[in-house]
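Chains as they are written, first to last, in my numbering: chain A, 1 to 470; chain B, 471 to 940. Built from N, CA and C at the ideal position, the CB exists for glycine as well. Read the structure below first, then the notes.
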């Protein structure tokens, strides 16, 4: 079904498309990415770089607009920045890791790309999500262009394999989820998302599916392909079961006894009901609603709603079809909380008072209802639109897009909004933030032609079709 | 210098030695370890198993008493339980991991050992420390017996190499410390020690030194030995610099500006002074004192004093000689807080009120000043005694041992004590807890003959003697 509305062909879309093109970075005369922001009013700090995760929405817009060259260049050059050397000394990032960002540098007449793997970032955070997003962009590029030869080239095969090896190598425990350091994804400051945050798990699942699709069948790939196949089923099963929160699971948790020892324990993670906001949740969870929790660990269940993780879980098929419906139903029923006046809230609710102090380390940028701590991020609208199309909820996404269109251009495309309902322009938000512009354009393109969903959607893999461990 | 005191040859030591021997587990007719506790008054749960970390103090007592056989059997059989298979599917623990505990099972006339890697443990926690403690016991065994041939056997060489590979494999970030899941060591329940807890780092440093000493020089070991050598210096440097808290570093942190971007940032981890209990610390830190913080991450500096990590840092030489002196000085000056009426406090201060609720997940066993959350653990006295001998503070350790002797036997050797000063027997403490008995005996043996320090001490490696990365 195509969404017909001529307003979508007019302002502010033309203005946004122009602004997106204006932010293009060139390297050796060819487009290679976009600046994170083009706000002339403040010091650039690292906003003069191209961030891998920020470029995702831009890449998708360029692909839809028929401009595949910049995406191809981005993929090729960021792959060159990937750590390739065998590394056993921990003086460098792990092999397979991709940088958070890069910048075009000039040395005399020579240009080169300088990568940042977190060694210059505030708080020295590690961009675990970069290599997962890179695979996501690669798959979209192939779907848009049909150019499988790029992914099948020796360099790309090696790069994909390195990413998978980094993610699948033996570590210390037995969960199928990825254990990552704090602030290793879009929420790149401390916000109590260390451990096994949902966002990383959803991206990881999509990355496993992508690598499984793109790695050639060969003798040398046999082990890694088997390892990928072995991981998919347990990962999906673990998330669908342990991360899922709805009234039924909340009732089960509410009845949990602690201190269960042995293989048959029902309360496997030893969650104490008193640690859960069961009173608030029992009122907040809509009938028929549900969502994936933010994190799970020993005696820990993070009940906050994280939008990127939940929406990516829908797109990647990490959730079942009925779970996906329940998540979209929750967003619809809790519109004021999760969409408010600017789609959409990065997480809900905010950490406040002592919780804020303890769990953010008193971070003033992440004060309650600001920035990552319950701020509203325009870039997320494309994920909302894509998930809405996939679940037959386009009307919701159209409403959200209207809200965004009524404010974003007038506010000069801020990075984020503050306040419980997202009515304040983010206290430290840059203007002309590229992914706010691109996310908005992308949502519009998806709603105008839902076939573009193909670029970011993963068809559900029937569980019986996922090979079990041999 | 030998500590002369005939009371050390009398009760309660004879009683303790008898109780330790009574807890011995036999496997195929030979001693192989000790039960965690022999308390007939309560259900055994998993206290009928031999825990790797619990056996450490027993092993050292047996070695000092000239009974090396049980230690050798323990080393051989736990090595057999180590995960040896290549593992890329995460359905099993990582290759190289050692179990938390094992139990002798009977199947008809056959005996076998059943290992627990955390899959039956409360909260499903991962015993990362087991493989590090195993190396510690192996080294002590060799120092006591001179039996290097055991460590040089093919099986042991392979086991050591697997442990090192597990610890040194490329992961997601660039710190030389080990990122581990929550509750991966002696504190095996949630207590906000996830990430890079000091205890694991100190054990890891000792393990690197041990492996470096025991791995044969061969072509096939060249890579792993180089990787070990490459890691030692950055790890020690990182801990000595970033984890160290004294009045000088507290003053530096107190002046920190947030939001520093770039390679030259002085506040590398973006710590906000408001997140630090600077008022309490400025009063608590004694003149000339200092200690290693519990953890570091983005916007996170855990200022609690953790005894095991600090004492093991002294023994392993992870701290400089002057830092070691400052730690012991802190313990001496804050005797009521850190020793109290039962040596010694596992960590100080306790998490209370909302902090307890948030950071333990409302764990009733870890209520303030109980169990891991500021309880007193008799087993720690052997680490205190060893560190005291190393730093010339034997008198402190003698005082502590007197305190312990006056209460432990009368209280039937509880697992832990509660209350700010440790005057209450632990609310859920087992009695006849083996490592309370063994820790007490070991402290006595160390003080009676300080030459036994050799079993657990690591001579300081001059930094210039640690090969740098090639």
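| request: Check the Cβ-Cβ distances between residue 831 of chain B and every residue of chain A, and say whether any is below 7 Å. | output: To locate residue 831 of chain B, count along the second chain from 1; it is residue 361. True, the Cβ-Cβ gap to chain A drops below 7 Å.
| request: Please name the residue in A:74, A:365, A:373, A:298 whose C-alpha comes closest to that of residue 173 of chain A. | output: What you label residue 173 of chain A is simply residue 173 of the first chain in a count that begins at 1. When only C-alpha atoms are compared, the closest one is A:298.
| Given 8 Å, three or more beta-carbon pairs between the region 612-629 of chain B and the region 253-271 of chain A | Verdict: no, contact absent.
| Residue from A:205, A:290, A:309, A:371 with nearest C-alpha to residue 333 of chain A | For the purposes of this step, residue 333 of chain A is taken as residue 333 along the first chain, with counting starting at 1. Taking only the C-alpha atoms, the option nearest residue 333 of chain A is A:290.
| task | Could you tell me whether the region 336-353 of chain A touches the region 859-875 of chain B, using the rule of 3 or more Cβ pairs below 8 Å? | result | Below 8 Å, too few C-beta pairs join the region 336-353 of chain A and the region 859-875 of chain B to call them touching: fewer than three.
| said: For residue 685 of chain B and residue 670 of chain B, what's the separation of their Cα atoms in angstroms? | reply: Within the second chain, the letter at position 215 stands for residue 685 of chain B. Within the second chain, the letter at position 200 stands for residue 670 of chain B. Looking at the two C-alpha atoms, the distance is approximately 21 Å.
| Segment contact flag, the region 722-735 of chain B with the region 699-709 of chain B, C-beta cutoff 8 Å, min 3 pairs | Short answer: they don't touch.
| message | Tell me which residues of the region 102-130 of chain A have at least one Cβ-Cβ distance to chain B shorter than 8 Å, keeping chain order. | response | Of all residues in the region 102-130 of chain A, only 117, 118, 119, 120, 121, 122, 123, 124, 125, 126, 128 come within less than 8 Å of chain B when Cβ atoms are compared, listed by chain position.
| query | Who are the near neighbours of residue 318 of chain A in its chain, counting only those whose CB is closer than 7 Å to its CB and skipping five residues on each side? | reply | Here the question's residue 318 of chain A lines up with position 318 in the first chain. Within the same chain, residue 318 of chain A has close Cβ partners 202, 205, 236, 239.
| said: Let me check one thing: in DSSP terms, what residues is residue 180 of chain A bridge-paired to? | reply: Here residue 180 of chain A corresponds to residue number 180 of the first chain, with the count starting at 1. Residue pairing of residue 180 of chain A in beta bridges, as defined by DSSP: A:195.
| query | Just to confirm, are residue 182 of chain A and residue 190 of chain A a CB contact at a threshold of 7 Å? | reply | Here residue 182 of chain A is taken as the residue at index 182 of the first chain, counted from 1. Here residue 190 of chain A is taken as the residue at index 190 of the first chain, counted from 1. Yes. Within cutoff.
| For the beta strand (DSSP E) that residue 141 of chain A lies in, which residues bound it at each end? | Here residue 141 of chain A is taken as the residue at index 141 of the first chain, counted from 1. Looking at the DSSP string, residue 141 of chain A is not in any beta strand (DSSP E); the run it does join, the alpha helix (DSSP H), is 129-145.
| query | Between the C-alpha atoms of residue 220 of chain A and residue 163 of chain A, what's the straight-line distance to the nearest angstrom? | reply | Within the first chain, the letter at position 220 stands for residue 220 of chain A. Within the first chain, the letter at position 163 stands for residue 163 of chain A. The alpha-carbon atoms of residue 220 of chain A and residue 163 of chain A are separated by roughly 16 Å.
| Whole-number beta carbon distance between residue 403 of chain A and residue 342 of chain A, since they are thought to touch under 8 Å | Numbered from its first residue, the first chain carries residue 342 of chain A at position 342. Numbered from its first residue, the first chain carries residue 403 of chain A at position 403. In this structure, residue 342 of chain A and residue 403 of chain A form a Cβ contact; the two beta carbons are roughly 7 Å apart against a cut-off of 8 Å.
| query | Taking buried to mean at least 16 other C-beta atoms within 10 Å of its own C-beta, is residue 352 of chain A buried or exposed? | reply | Position 352 of the first chain, counting from 1, holds the residue named residue 352 of chain A. So residue 352 of chain A ends up on the exposed side.
| query | Name the chain A residues whose beta carbon is nearer than 7 Å to that of residue 740 of chain B? | reply | As a first step, residue 740 of chain B must be located in the second chain, where it is residue number 270. The answer, in chain order, is 122, 123.
| So which residues of chain B does residue 349 of chain A contact, with C-beta pairs closer than 8 Å? | As a working mapping, residue 349 of chain A is identified with position 349 in the first chain. The premise fails here: residue 349 of chain A is roughly 14 Å from chain B at the closest Cβ pair, so nothing lies under 8 Å.
| request: Output yes if chain A places a C-beta closer than 7 Å to the C-beta of residue 940 of chain B; else output no. | output: Working through the second chain from its first residue, we reach residue 940 of chain B at position 470. For residue 940 of chain B, the pLDDT reaches just 38, beneath the cut-off of 50, and the residue's location in the model is therefore unreliable, although a value from the coordinates is still provided. Cβ-Cβ to chain A under 7 Å: no for residue 940 of chain B.
| message | Against chain A, with Cβ distances strictly below 7 Å, would residue 925 of chain B count as a contact? | response | Counted from its first residue, the second chain places residue 925 of chain B at position 455. No, no contact with chain A.
| message | If we define contact as Cβ-Cβ less than 7 Å, is residue 828 of chain B a contact residue for chain A? | response | Numbered from its first residue, the second chain carries residue 828 of chain B at position 358. Answer yes: the Cβ-Cβ gap between residue 828 of chain B and chain A drops below 7 Å somewhere.
| said: Under DSSP, the alpha helix (DSSP H) around residue 571 of chain B begins and ends at which residues? | reply: By 1-based counting over the second chain, the position of residue 571 of chain B is 101. It is not in any alpha helix (DSSP H) - residue 571 of chain B instead sits in the beta strand (DSSP E) that spans 571-577.
| Partners in chain B for residue 274 of chain A, counting only beta-carbon separations shorter than 7 Å | By 1-based counting over the first chain, the position of residue 274 of chain A is 274. Per Cβ cutoff of 7 Å: 832.
| request: Could you tell me how far apart the beta carbons of residue 35 of chain A and residue 438 of chain A are, in whole angstroms, since I believe they sit closer than 8 Å? | output: The sequence position of residue 35 of chain A within the first chain is 35, counting from 1. The sequence position of residue 438 of chain A within the first chain is 438, counting from 1. At roughly 12 Å, the Cβ-Cβ gap does not stay under 8 Å, so residue 35 of chain A and residue 438 of chain A are not in contact.
| said: In whole angstroms, give me the CA-to-CA distance for residue 540 of chain B and residue 495 of chain B. | reply: Looking up residue 540 of chain B in the second chain gives position 70. Looking up residue 495 of chain B in the second chain gives position 25. Going by the C-alpha atoms only, they are around 9 Å apart.
| request: Would you verify that the beta carbon of residue 299 of chain A is, or is not, closer than 7 Å to some beta carbon of chain B? | output: Counting from 1 along the first chain, the entry for residue 299 of chain A is found at position 299. At least one chain B Cβ lies under 7 Å of residue 299 of chain A.
| What does DSSP give as the partner residues of residue 584 of chain B in its beta bridges? | Here residue 584 of chain B refers to the residue found at position 114 of the second chain. According to DSSP, which records beta bridges pairwise, residue 584 of chain B is partnered with B:573.
| query | When you check each C-beta in the region 649-667 of chain B against every C-beta of chain A, which residues fall closer than 8 Å? | reply | The residues in question are 649, 650, 651, 652, 653, 654, 659, 660, 664, 665.
| Counting contacts by CB-CB distance shorter than 7 Å, is residue 42 of chain A in contact with chain B? | Stepping through the first chain from its first residue, residue 42 of chain A is reached at position 42. Answer no: the Cβ-Cβ gap between residue 42 of chain A and chain B never drops below 7 Å.
| request: With residue 496 of chain B as the anchor, note down where its beta strand (DSSP E) starts and where it stops. | output: Here residue 496 of chain B refers to the residue found at position 26 of the second chain. First-last of the beta strand (DSSP E) with residue 496 of chain B: 494-497.
| request: Can you give me, in chain order, the residues of the region 709-731 of chain B that have a beta carbon less than 8 Å from any beta carbon in chain A? | output: Correct list: 728, 729, 730, 731.
| task | Decide if residue 474 of chain B is buried, meaning its Cβ has at least 16 other Cβ atoms within 10 Å, or exposed. | result | The sequence position of residue 474 of chain B within the second chain is 4, counting from 1. Its pLDDT being 46, under 50, residue 474 of chain B is placed unreliably in this model, and the value from its coordinates should be taken loosely. It is exposed - the Cβ of residue 474 of chain B has fewer than 16 other Cβ atoms within 10 Å.
| message | Counting only C-beta atoms, is residue 641 of chain B closer than 7 Å to chain A at any point? | response | Counted from its first residue, the second chain places residue 641 of chain B at position 171. Chain A, which has a Cβ nearer than 7 Å to the Cβ of residue 641 of chain B, makes this yes.
| query | In or out: residue 137 of chain A buried (at least 16 other Cβ within 10 Å) or exposed? | reply | Numbered from its first residue, the first chain carries residue 137 of chain A at position 137. Result: buried.
| C-beta contact flag for residue 758 of chain B and residue 774 of chain B at 7 Å | Stepping through the second chain from its first residue, residue 758 of chain B is reached at position 288. Stepping through the second chain from its first residue, residue 774 of chain B is reached at position 304. No, the Cβ-Cβ distance between residue 758 of chain B and residue 774 of chain B is not below 7 Å.
| task | Name, please, each residue of chain A whose Cβ falls closer than 7 Å to the Cβ of residue 690 of chain B. | result | Counting from one through the second chain, the residue named residue 690 of chain B turns up at place 220. Under the 7 Å cutoff, chain A gives no residues; its nearest Cβ is about 14 Å from residue 690 of chain B.
| said: Distance check for residue 848 of chain B and residue 876 of chain B, CA to CA, integer angstroms please. | reply: Within the second chain, residue 876 of chain B is the residue found at index 406, counting from 1. Within the second chain, residue 848 of chain B is the residue found at index 378, counting from 1. Straight-line measurement puts the Cα of residue 848 of chain B at about 12 Å from the Cα of residue 876 of chain B.
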